[in-house]
Structure formats: C-alpha cells, structure tokens
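Participant:
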Amino acid sequence: MAELKRIRVRAAKARDIGLFKKLVMEAMQEQEKQGSIMRAGDGTLAVCEQLFHMYLDEDLEGVVLFVADRGLLLWGDAASTMDSSLGKVITAWVTYVVPGSPEGVREALSQHAEEWAKEHGFEGIQVNSFRESPPMEGYEPVVTVLYREIRS
1411 MAELKRIRVR
1421 AAKARDIGLF
1431 KKLVMEAMQE
1441 QEKQGSIMRA
1451 GDGTLAVCEQ
1461 LFHMYLDEDL
1471 EGVVLFVADR
1481 GLLLWGDAAS
1491 TMDSSLGKVI
1501 TAWVTYVVPG
1511 SPEGVREALS
1521 QHAEEWAKEH
1531 GFEGIQVNSF
1541 RESPPMEGYE
1551 PVVTVLYREI
1561 RS
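Structure, rendered in structure tokens:
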C-alpha cells in the first residue's frame, strides 16, 4: 500500500485531451491485439472523447485520471447493462498502463477511482470483457459483463 501512495494520480483537465486521445488509442490497439471486438479507430476514439468531455463537464458522473503520461483511467456513469437491483453501477471503460511503467500504476488508478465512486454513491463496478466469452447455442460470443461490489 505504501508503494501506491508514492504514485501520483491526478484528475484530468480539459487541456489533457491530447494525452487522453493518445493513451486511449494505445489502449484500444492493445485490446485489439488481444482479440477484442472493439477496433482501434476514429469511431471508438470519438465515443471515448465524448465521455471524457461529459465527465469533465459533469454532464454525467465520471472520473478521468492520469499517472503522468504512464497511465489513464476512464470510469463513469452510462447506460448500464447491470440489473438495477444491484444499485448504482459505474462502468470501467478504460484502465490503461503504458508498457514498462512502474509497478502499481494500475492499482493506484483503480484505488483512486474506486474511492471517487464510493464518494459519489456508486455501489458496484461493471467491466466488459471481450475475450473468452462462453459460447451459447445460436449466439456469437461478444461481451462478458463482469461485476464487483465496491468495498466499504
């Protein structure tokens, strides 16, 4: 835990849009290499950029965090596919760490985001997984929705 405190996590500002777009594109390219159905391209980048602005402008509840130019996190409110009985759910859109970054960057970003989410009344985290989705008769595997309660 002490190592995570030494990693400086900061909230994004509007002027960070260039760094945001660079890191999101790197994240999408990495996910594509790993078999994601999401393609690294202008359309997907535009969706992420729109979320960036909506979260910063507080049109939707969300958080965008950086660790220098080594890590990025984009989590926030959006139309959740989770059962509403689970409470208010935050979607973990992007958590990306540049290869070769110091150990603990991902954990520091996630820890800060989870604290932010608790403070804003979120009760759980939704993550969409695009790899190794189990096949179902007559369906193509696309997304596995993962859920975890936010720790008290």
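Using our numbering, read the sequence shown as starting at 1411 and increasing by one per residue.
Glycine is no exception: its CB is placed at the ideal position from the N, C-alpha and C atoms.
Please read all numbers here as calculations on a predicted model, not as lab measurements.
(1) Measuring alpha carbon to alpha carbon, tell me which of Asp1426, Ala1523, Val1508 and Gly1510 ends up nearest alanine 1502.
(2) Compute the distance between the beta-carbons of valine 1508 and glutamate 1436, then report whether it is under 8 Å.
(3) Using the DSSP secondary-structure output, state which residues sit across from leucine 1496 in a beta bridge.
(4) Return the chain-ordered list of same chain residues with a C-beta closer than 7 Å to the C-beta of arginine 1449, the five sequence neighbours on each side being excluded.
(5) In the DSSP assignment, find the unbroken beta strand (DSSP E) run with glycine 1453 in it and report its ends.
(6) Pop quiz: valine 1504 and leucine 1475 are said to be a contact at Cβ under 8 Å. What is the actual Cβ separation, rounded to whole angstroms?
(7) Using the three-state DSSP reduction, which class does phenylalanine 1476 fall into: helix, strand or coil?
(8) Measure from the alpha carbon of isoleucine 1417 to the alpha carbon of each residue in Pro1512, Glu1468 and Cys1458, then state which is nearest.
(9) How would you call aspartate 1467, buried or exposed, if buried means at least 16 neighbouring beta carbons within 10 angstroms?
(10) Take the Cβ of alanine 1456 as the centre, count every other Cβ of all protein chains shown within 10 Å, and call the residue buried at 16 or more, exposed below.
(11) Within 10 Å of its beta-carbon, does alanine 1518 have 16 or more other beta-carbons around it, so buried, or fewer, so exposed?
(12) Alpha carbon to alpha carbon, how far is alanine 1478 from glutamate 1525?
(13) What do you get for glutamate 1470, buried or exposed, if any count of 16 or more other CB atoms within 10 angstroms of its CB means buried?
(14) What do you get for alanine 1422, buried or exposed, if any count of 16 or more other CB atoms within 10 angstroms of its CB means buried?
(15) Could you give the DSSP three-state label for glutamine 1536: helix, strand or coil?
(16) Could you please give the first and the last residue of the uninterrupted beta strand (DSSP E) stretch that includes leucine 1433?
Facilitator: By the coordinates alone:
(1) Ala1523
(2) yes
(3) BP columns for leucine 1496 are empty, so no partner.
(4) Glu1442
(5) Unbroken run through glycine 1453 is the alpha helix (DSSP H), 1452 to 1466; no beta strand (DSSP E).
(6) Contact flag wrong, Cβ pair sits at about 10 Å.
(7) strand
(8) Pro1512
(9) exposed
(10) exposed
(11) buried
(12) 20 Å
(13) A quick correction: the sequence has leucine, not glutamate, at residue 1470. That one is exposed.
(14) buried
(15) strand
(16) Premise fails: leucine 1433 lies in the alpha helix (DSSP H), 1427 to 1443, not in any beta strand (DSSP E).
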